[in-house]
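Contents: one structure, followed by commentary.
Pasting the structure below:
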């Protein structure tokens, strides 16, 4: 059965026709309703377990058939631009992160901050700005959060209303939901940098001087203990990645993190990541456990990506 046949009217249960008061375009509510209807029908028709194997262009063509058929049958005054918007939005709902998927694809954005379903901010070049994107409602936002969390083998619900994880591309994700988040679910994404920043970039931006570079190079080469501290978004991980370039390639390096963000270029690197407790409250592996375990792994270097708790004492010892 073709997708357009789903909208041919030959269904066992009739549905109300969506109407619009505008002769040139439909409002946001109507737009969301038609998008939801198309998405729901696609979910009913397609095998979600196999959808990742469908070529994106083939899926896009099928969605376009559905959009054209349903808009013509229900007489929506839709133009080509709105049609393309709906197709892209439905694709993002099925394959991506919904309305924030275009933000994930924007290389100029470092952070995506969803304060609530109708309020989304991004950080570009160190400055925050509100963007004209939003989710339909709290339930829609929760669906995307659940998709992210399930994809990394984690869970989030009223009994466990916080999660700190990472996407497959390395982007860091933090989500917190009611009752801890009073105004609704909140989602924060620190995007993964595909091209690691280099020392030359810091020099060009006058973020560091050649004298400081030589001093820090000597510190790393001499295997002295080094602590990098600073506020959120201050560039701690970026600086650590840059300094790691001074580590000789013949050394064994063990990295320990809550969410793997370091991008070391050395050939001999072992990456460790902590693990939260499971649904029964078991199986937790803390940073301090990994620090202790790493001592038996014959490391030349131990790099702890974040120090926020008891692991600080183990590092000092």
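Numbering (my numbering), first residue to last: 124 to 440. In this text, a Cβ means the ideal position worked out from N, Cα and C, and glycines have one as well.
In angstroms, rounded to a whole number, what distance separates the CA positions of residue 212 and residue 259? When rounded, the separation of the alpha-carbon atoms in residue 212 and residue 259 is 12 Å.
Would you please state the rounded distance, in angstroms, between the beta carbons of residue 365 and residue 326? I believe it to be under 8 Å. Not a contact, Cβ separation roughly 11 Å.
Just to confirm my understanding: we take residue 286, look at its own chain, exclude 5 residues before and 5 after, and list those with CB closer than 7 Å. What are they? Within the same chain, residue 286 has close Cβ partners 272, 277, 279 and 298.
Beta-carbon contacts of residue 246 that lie in its chain and below 6 Å, excluding the five residues immediately before and after: For residue 246, where only same-chain residues beyond five positions count, the Cβ hits under 6 Å are 233 and 234.
Pull up the CB-CB distance for residue 360 and residue 385, whole angstroms please, since I reckon it's below 8 Å. Distance from residue 360 to residue 385 at the Cβ level is roughly 7 Å; contact confirmed, criterion being Cβ atoms closer than 8 Å.
Would you kindly report the start and end of the unbroken beta strand (DSSP E) that includes residue 234? Its beta strand (DSSP E) spans residues 234 to 239.
How many angstroms separate the CA atom of residue 244 from the CA atom of residue 236? Rounded to whole angstroms, residue 244 to residue 236 spans 5 Å at the Cα level.
Can you name, in chain order, every residue of its own chain whose Cβ lies under 7 Å from the Cβ of residue 398, other than the five neighbours on each side? Non-local C-beta neighbours of residue 398 in its own chain, meaning closer than 7 Å and more than five positions away in sequence, comprise 406, 407 and 408, ordered along the chain.
For residue 297, write down the residues that DSSP places opposite it in a beta bridge. Beta-bridge annotation (DSSP): residue 297 is paired with 287 and 311.
Spatial neighbours of residue 420 within its chain, please: C-beta separation below 6 Å, excluding the five flanking residues on both sides. If you ignore the 5 residues before and after residue 420, its C-beta comes within less than 6 Å of the C-beta of 377, all in its own chain and listed in chain order.
Can you tell me whether residue 134 is buried or exposed, with buried defined as 16 or more other CB within 10 angstroms of its CB? Low confidence applies here, because residue 134 scores a pLDDT of 38, under 50, leaving its location unreliable; read the following figure in that light. Classification for residue 134: exposed.
Per-residue DSSP class, three states only, for residue 405: Note: residue 405 maps to coil in three-state DSSP.
Hey, could you find the ends of the alpha helix (DSSP H) residue 216 is sitting in? Per DSSP, residue 216 is one residue of the alpha helix (DSSP H) stretching across 203 to 218.
Within the present structure, is the beta-carbon of residue 257 separated from the nearest heavy atom of the ligand GDP by less than 8 Å? Of the ligands one can find in the structure shown there are none, so the ligand GDP has no counterpart to examine.
Which of the three DSSP states is assigned to residue 144 in this structure? Since pLDDT at residue 144 reaches only 34, below the 50 mark, its modelled position is unreliable, and no value is offered.
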